[in-house]
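For the sequence shown, the residue numbers in the working numbering are 16 to 331. One structure is given here, and the rest of the page talks about it.
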Amino acid sequence: MKAVVITDFGAEPLLTDLPVPEPGPREVLVRLRAAALNPFDWKVADGALKGAVEHDFPLVMGSDGAGVVERVGAGVNLFRLGDTVYGQFMNVARGRGSYAEYALVSEDGKIARIPDDLPFTVAAALPTASATAYQAIEAARLDTGQVVLVNGASGGVGQSAIQFAAHQGARVLATAAPDVAARLRDLGAHETLDFTAAPVAEQVLAAHPEGIDAVLDLISHPGDDGTAALAALLKPGGRLISTNHAADVEALAAREIHGVNLSSNTSRAELEALAGLAAAGKLRITVDSEIPLADAPAAVARARSGHSRGKTVILP
Ligand SMILES: NC(=O)c1ccc[n+]([C@@H]2O[C@H](COP(=O)([O-])OP(=O)(O)OC[C@H]3O[C@@H](n4cnc5c(N)ncnc54)[C@H](OP(=O)(O)O)[C@@H]3O)[C@@H](O)[C@H]2O)c1
Numbered sequence: 016m017k018a019v020v021i022t023d024f025g026a027e028p029l030l031t032d033l034p035v036p037e038p039g040p041r042e043v044l045v046r047l048r049a050a051a052l053n054p055f056d057w058k059v060a061d062g063a064l065k066g067a068v069e070h071d072f073p074l075v076m077g078s079d080g081a082g083v084v085e086r087v088g089a090g091v092n093l094f095r096l097g098d099t100v101y102g103q104f105m106n107v108a109r110g111r112g113s114y115a116e117y118a119l120v121s122e123d124g125k126i127a128r129i130p131d132d133l134p135f136t137v138a139a140a141l142p143t144a145s146a147t148a149y150q151a152i153e154a155a156r157l158d159t160g161q162v163v164l165v166n167g168a169s170g171g172v173g174q175s176a177i178q179f180a181a182h183q184g185a186r187v188l189a190t191a192a193p194d195v196a197a198r199l200r201d202l203g204a205h206e207t208l209d210f211t212a213a214p215v216a217e218q219v220l221a222a223h224p225e226g227i228d229a230v231l232d233l234i235s236h237p238g239d240d241g242t243a244a245l246a247a248l249l250k251p252g253g254r255l256i257s258t259n260h261a262a263d264v265e266a267l268a269a270r271e272i273h274g275v276n277l278s279s280n281t282s283r284a285e286l287e288a289l290a291g292l293a294a295a296g297k298l299r300i301t302v303d304s305e306i307p308l309a310d311a312p313a314a315v316a317r318a319r320s321g322h323s324r325g326k327t328v329i330l331p
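The structure is reproduced here in structure tokens:
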């Protein structure tokens, strides 16, 4: 099978041929019809999990994917041949990922069935970004009418987070370059802030001098001062959720701000719920581009720049 692999940490992604893997006991072999890029994919390739988990090289890149169950191992009883499934396929200890024509996953893993009317491309785009968005907005504990800033709103996580926050009745402030602002307002953002024009914190302060209730920060990293500037916007009792572990939880607590460094971790039940929302049109996913597997290495290089207008989907 064709697959995009790395042969070591930090190595260039490479399109190569690998044997189609055999499902072991309670494993499912999925013929992937779509896979989706996430920043985590290249972060793992660069060694984000080095030291924490064993890695088996060549390591197939990628986590998220959707496809059809082609073979099942002994003892599988949750899935059958021909089931359409989606979820997370990354297993670095076994060298497994989703940028490939086939992927193996444990039937107890993070996979779920796809509702009939949900395209593979949309299903593949859901797991990491939308599960993270869902969990981040849950962690923000928004009440009706509260104001939340989504910093990094134009990407995969941000676009879903806007929708979940708006659904909770919050007033959503979303950062966006001008070309994507209308799209984010259509998804439920009440105000958009052009992060390319002026610092986001200054813009929020000007529009909401009384303070806001929550910040979902998808952009700041440990060591930069982005999160602290955004935390200064919060009222006492406010909540700051960081997806890049940039929240200094103790320092925030001293100011009566609840900080959360989120590590998302989805489940079959959550995946079923997300797919159901997407199939019902209640969660809208922007597939920004669809590319062949051979173009995945170039797409990974582009993704490193941090620019996106939704999800990049690979068609293996
Ligand atoms: N902890 C976890 O469990 C977890 C899970 C998922 C994701 N994450 C992290 O969360 C972050 C977001 O993920 P994603 O999948 O949404 O990424 P993404 O799809 O690449 O989106 C990033 C978005 O941020 C925008 N952006 C870039 N610079 C910005 C700035 N200075 N201010 C405001 N927006 C800016 C980009 O817009 P332009 O294209 O206009 O530049 C792009 O739309 C990543 O760092 C990812 O690693 C963590």
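Cβ coordinates follow ideal geometry from the N, Cα and C atoms, glycine included. Computed from a predicted structure; not experimentally measured.
Looking at ligand 1, does it come within less than 7 Å of residue i, judged from the CB to the closest heavy atom?
{"i": "residue 210", "result": "yes"}
{"i": "residue 321", "result": "yes"}
{"i": "residue 113", "result": "no"}
{"i": "residue 94", "result": "no"}
{"i": "residue 199", "result": "no"}
{"i": "residue 126", "result": "no"}
{"i": "residue 272", "result": "no"}
{"i": "residue 299", "result": "no"}
{"i": "residue 139", "result": "no"}
{"i": "residue 169", "result": "yes"}
{"i": "residue 234", "result": "yes"}
{"i": "residue 179", "result": "no"}
{"i": "residue 55", "result": "yes"}
{"i": "residue 317", "result": "no"}
{"i": "residue 22", "result": "no"}
{"i": "residue 282", "result": "no"}
{"i": "residue 147", "result": "yes"}
{"i": "residue 17", "result": "no"}
{"i": "residue 324", "result": "yes"}
{"i": "residue 144", "result": "yes"}
{"i": "residue 190", "result": "yes"}
{"i": "residue 35", "result": "no"}
Tell me whether residue i sits in a helix, a strand or coil according to DSSP, three-state version.
{"i": "residue 215", "result": "helix"}
{"i": "residue 34", "result": "coil"}
{"i": "residue 228", "result": "strand"}
{"i": "residue 126", "result": "strand"}
{"i": "residue 273", "result": "strand"}
{"i": "residue 85", "result": "strand"}
{"i": "residue 168", "result": "coil"}
{"i": "residue 321", "result": "coil"}
{"i": "residue 253", "result": "strand"}
{"i": "residue 248", "result": "coil"}
{"i": "residue 56", "result": "helix"}
{"i": "residue 312", "result": "helix"}
{"i": "residue 304", "result": "strand"}
{"i": "residue 281", "result": "coil"}
{"i": "residue 152", "result": "helix"}
{"i": "residue 287", "result": "helix"}
{"i": "residue 147", "result": "helix"}
{"i": "residue 91", "result": "coil"}
{"i": "residue 161", "result": "coil"}
{"i": "residue 177", "result": "helix"}
{"i": "residue 191", "result": "coil"}
{"i": "residue 242", "result": "helix"}
{"i": "residue 131", "result": "coil"}
{"i": "residue 109", "result": "helix"}
{"i": "residue 61", "result": "coil"}
{"i": "residue 221", "result": "helix"}
{"i": "residue 67", "result": "coil"}
{"i": "residue 185", "result": "coil"}
{"i": "residue 201", "result": "helix"}
{"i": "residue 327", "result": "strand"}
What do you get for residue i, buried or exposed, if any count of 16 or more other CB atoms within 10 angstroms of its CB means buried?
{"i": "residue 68", "result": "exposed"}
{"i": "residue 225", "result": "exposed"}
{"i": "residue 260", "result": "exposed"}
{"i": "residue 104", "result": "buried"}
{"i": "residue 246", "result": "buried"}
{"i": "residue 179", "result": "buried"}
{"i": "residue 22", "result": "exposed"}
{"i": "residue 325", "result": "buried"}
{"i": "residue 266", "result": "exposed"}
{"i": "residue 159", "result": "exposed"}
{"i": "residue 56", "result": "buried"}
{"i": "residue 320", "result": "exposed"}
{"i": "residue 58", "result": "exposed"}
{"i": "residue 113", "result": "buried"}
Taking residue i and residue j to be in contact with their CB atoms under 8 Å, please state how far apart those CB atoms are, rounded to whole angstroms.
{"i": "residue 233", "j": "residue 173", "result": "6 Å"}
{"i": "residue 286", "j": "residue 102", "result": "6 Å"}
{"i": "residue 28", "j": "residue 318", "result": "Actually they are not in contact, since the Cβ atoms of residue 28 and residue 318 sit about 11 Å apart, beyond 8 Å."}
{"i": "residue 48", "j": "residue 75", "result": "Not quite, the Cβ-Cβ distance comes to about 16 Å (not below 8 Å), so this is no contact."}
{"i": "residue 44", "j": "residue 38", "result": "5 Å"}
{"i": "residue 192", "j": "residue 169", "result": "7 Å"}
{"i": "residue 71", "j": "residue 108", "result": "6 Å"}
{"i": "residue 274", "j": "residue 264", "result": "4 Å"}
{"i": "residue 212", "j": "residue 248", "result": "Wrong, their Cβ atoms sit about 17 Å apart, outside the cutoff."}
Ligand 3 and residue i: does any heavy atom of the ligand fall closer than 7 Å to the residue's C-beta?
{"i": "residue 215", "result": "This structure lacks ligand 3; the ligands present are ligand 1."}
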